[in-house]
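Asker: Before I ask anything, let me first share the structure, which is written out below as structure tokens.
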Amino acid sequence: MKIQRMLMYGYECFCGNVLRKYRKRKESDCKTPCSGNKRQTCGGPWRISIYTVSGYIGCYEDDDIRILYRMLYKAVLKDTGMTVQKCKQFCGKKGFKFAGVEYGYECFCGNVLRKCRKRKESDCKMPCSGNKRQTCGGPWRISIYTAVEYPEDVDGEYVLQIKCN
């Protein structure tokens, strides 16, 4: 389950799993300082800043052209001891923004999500080969995570704007 934290007017906080009627606005509309930390921004008048709670982005359909666009073949790791952390570290050390685990033992890295065909979470339930308690995508299904830590913005969390090409 993906939970998002949303802040508005500098002191209001809302949580949810689904964005209804998604209408992105200019970042300059969300410049109201947070009441608890004036260096952070918390939305604005009828504007809401949205933050992810974890580095998990979601389950997506993959194909032979790959959803995670990369320029180098070295952005792939196949390991019979694959875990989510191993993939995230592999991609993060190579400087990529995103890490994706697929088919239980494959790891793909990239900076751009191509096509973005989101799928239901039950499609990404194949156990990771290195930790059966974790899930690593499925057949042509990839579980995508952030590969690097982003600057903290709210309560130790980070902001990442997801944009599909």
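All letters in the sequence shown, in the order written, are residues 1399 to 1563 by my numbering. By construction, the Cβ of each residue, glycine as well, lies at the ideal position given by its N, Cα and C atoms. Small disclaimer: the values here were computed from a predicted structure and weren't measured.
Taking the C-alpha atoms as reference points, what is the distance between P1443 and G1434?
Answerer: Each residue's alpha carbon lies about 18 Å from the other.
Asker: DSSP beta-bridge partners for N1529?
Answerer: DSSP output for N1529 lists C1526 as bridge partner(s).
Asker: On the DSSP bridge assignment, give the partners of G1493 in chain order.
Answerer: In the DSSP output, where bridge partners are listed per residue, G1493 has none listed.
Asker: With distances taken between CB atoms, is the gap from C1485 to V1499 smaller than 8 Å?
Answerer: Contact: yes.
Asker: Could you tell me the distance, in whole angstroms, from the CA atom of R1351 to the CA atom of R1423?
Answerer: With the chain covering 1399 to 1563 only, the question about residue 1351 has no answer from this structure.
Asker: Can you have a look at G1479 and say buried or exposed, based on whether 16 or more other CB atoms are within 10 angstroms of its CB?
Answerer: Under this definition G1479 is an exposed residue.
Asker: What is the C-beta distance between K1518 and T1533, in whole angstroms, given that I count them as a contact (C-beta under 8 Å)?
Answerer: Not confirmed; about 13 Å, so no contact.
Asker: Please confirm whether C1457 and A1545 have their CB atoms less than 8 Å apart.
Answerer: No, the Cβ-Cβ distance between C1457 and A1545 is not below 8 Å.
Asker: Just to confirm, is the Cβ distance from C1526 to G1502 under 8 Å?
Answerer: Going by C-beta atoms, C1526 is nearer than 8 Å to G1502.
Asker: What is the DSSP secondary structure of S1433, reduced to helix, strand or coil?
Answerer: In the structure shown, S1433 sits in coil (DSSP, three-state: anything other than H, G, I, E or B).
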